Amino acid sequence: MVRLEPETGVLRIGHRPGRDKRITTHVALVSRAFGASYFFLSDVCDISVLRSLAYIEDMWGKGLKHFSCGLGYMRYISDWKSLGGKVVHLTMYGETLEKSIEEVRGFKRPVLIVVGAEKVPREVYEAADINVSVGNQPHSEVAALAVFLDRLYNGEELYIQYEGARVVIEPSRKGKIVKSMGGENQ
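This is the structure we're talking about:
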């Protein structure tokens, strides 16, 4: 089993239930697939997002230690910091990824990665230990999170074997091979 350091959590802030279900679900799935141990959805509990995440965890294996929703974003940030963790805010206005990634690896503490949906409040920029940009052009927060986690873990996250998976993909140059853990192809 691959053990990734530092341990990470992802905090999604600014989720708008009527508008952001799909993109927030993708933030959660990228969090899990790219090595984060925790996913938090601030301020609201969007059951459709949590249901999708629970389904993926059930079918594809337990990737997250914990996911939750509903607390205010500053509560998640202050709780994380009070437990000794560091906070990284992904924003196009931050320090470049190339300049900051070694500093983040050097924290040697759990890292909470904050990903916004709408305009991020100033207090998040101030509460973060570092604001990091994955490029300085507008693009998707899903892309920024995937690139950041991949750089943080140097690609090791791509080889995680999830406990309790009911299905797994067998890599194949051509075609799709999905195997149930009982050995039957699907």
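Residues in the sequence shown are numbered from 33 upward in steps of one, following this note's numbering. The beta-carbon is built from N, C-alpha and C at its ideal position, and this holds for glycine as well. Just so you know, these numbers come straight off a predicted model, no measurement behind them.
query                                                                                                                                                                                  : result
Quick one: any contact between the region 120-133 and the region 75-86, if contact means 3 or more CB pairs under 8 angstroms?                                                         : no
On the DSSP bridge list, what partners appear for residue 128?                                                                                                                         : 165
Residue ranges of each alpha helix (DSSP H) run of no fewer than 4 residues wholly in the region 43-85, ordered along the chain?                                                       : 53-65
Classify residue 155 as helix, strand or coil using the three-state DSSP reduction.                                                                                                    : helix
Is residue 160 helix, strand or coil by DSSP?                                                                                                                                          : coil
Between the C-alpha atoms of residue 143 and residue 38, what's the straight-line distance to the nearest angstrom?                                                                    : 7 angstroms
Starting from residue 109, trace the alpha helix (DSSP H) in both directions and tell me its first and last residue.                                                                   : 105-114
If you pair each beta-carbon of the region 102-112 with each one of the region 139-155, do three or more pairs fall below 8 angstroms?                                                 : yes
Is residue 96 helix, strand or coil by DSSP?                                                                                                                                           : coil
Would you mind reading off the limits of the alpha helix (DSSP H) that contains residue 181?                                                                                           : 173-185
I need the straight-line Cα distance from residue 188 to residue 95, nearest angstrom please.                                                                                          : 14 angstroms
Within the same chain, show all residues whose beta-carbon is closer than 7 angstroms to that of residue 92, passing over the 5 residues directly before and after it, in chain order. : 194, 197 and 199
Output the distance between the C-alpha atoms of residue 231 and residue 175, rounded to the nearest integer angstrom.                                                                 : Residue 231 is absent from the structure shown; the chain starts at 33 and stops at 218.
Pick out whichever of 65, 67 and 99 has its Cα sitting closest to the Cα of residue 81.                                                                                                : 99
Would you please state the rounded distance, in angstroms, between the beta carbons of residue 44 and residue 85? I believe it to be under 8 angstroms.                                : So it is not a contact: roughly 11 angstroms between Cβ atoms.
Below 8 angstroms between beta carbons: does that hold for residue 148 and residue 130?                                                                                                : no
Run the CB neighbour count on residue 118, radius 10 Å, all protein chains shown included, and call it buried at 16 or more, exposed below.                                            : buried
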